[in-house]
Structure formats: structure tokens, C-alpha cells
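One structure is given here, and the rest of the page talks about it.
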């Protein structure tokens, strides 16, 4: 069970995963070794899954990012979700409730490439009934 200090550590690391334990300790008025032990425990328990670089897609040539909803035949639902994970252009895949059964974040260099990815690659996956891309105009948070 996580306590308030663990939650505060997680909050700090979610904002800056590279923040030194010494700075976190100072901020929380505790020892660096206490922070280290707590973080290692949360890593071991799978609470902290890893540390990643957050990339600005446009800075590396991906000028179109689309959150895309997929509806599938119920019997193909998991197979479609797993297949989507195989595409390099698909950066994240979520199964969901709501408007669409599966949501994916797709990066493309331009609109033409996005169209090609959706219709000539992803659209060929058996079991997909509907594809609904929404191009992101600006990420605010």
C-alpha cells in the first residue's frame, strides 16, 4: 500500500523522471536513502514501469499525430489490438469503453502518409469495422 510520501515521490517523478533522489529528498524533508528504497520498492512492485523520454513528434519530422478510434468484430477485438502494436507508426494502443473499442496514437510525416498508414496498412487488418482518426492540433498538457 502506498502512503502519502510514496504518492508525492510518484508525482515528482511523473513531472521529471530524471530528478535526482537527493533533490527529491530535500523537497520532501527526508533522506536520500529513504527515497531510493521507496523508488526501488515501487519499481519492483511494478508501480513504476520505467522511465522514458517524452518526444515532440514535430521536431523529428512527424507533423501529424492522430488519436484514432477502431471498432472491431467482438471475436477479433484482442487480435486487432495486438496487431496494431506491431506497426512502427502506432506509438500507443489502448482498449477502451465508450465511442471506440480500441484507441491508438499514430504518428505520420504528413496527411498523405497518415492516409496510407490507415487505409493501406492498418485498414487491411481482418476484423476492423470502422476507423475514426482525429488529428491533434495542439497538445496542451
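Numbering (full-length UniProt numbering), first residue to last: 1 to 141. Note that CB positions come from ideal geometry on N, CA and C, so glycine has one too.
Residue 121 has its alpha-carbon roughly 19 Å from the corresponding atom of residue 101. In terms of Cβ geometry, residue 25 and residue 133 do not form a close pair [threshold 8 Å]. Contact between residue 125 and residue 91 does not hold, since their C-beta atoms are separated by about 17 Å, which reaches or exceeds 8 Å.
In the structure shown, residue 137 adopts coil according to DSSP, grouped into three states. Between residue 141 and the set 2, 10, 6, 15, the nearest pair of CA atoms involves 15. The straight-line gap separating the alpha-carbon atoms of residue 72 and residue 136 is approximately 23 Å. A distance below 8 Å separates the beta carbons of residue 42 and residue 6. Positions of the beta strand (DSSP E) runs, each at least 3 residues long and wholly inside the stretch 37-76, are given as 64-72 in order along the chain. Residue 117 is not a Cβ neighbour of residue 104, given a cutoff of 8 Å.
Within the same chain, Cβ atoms closer than 8 Å to the Cβ of residue 38 are found at 5, 6, 9, the five residues on either side in sequence being excluded.
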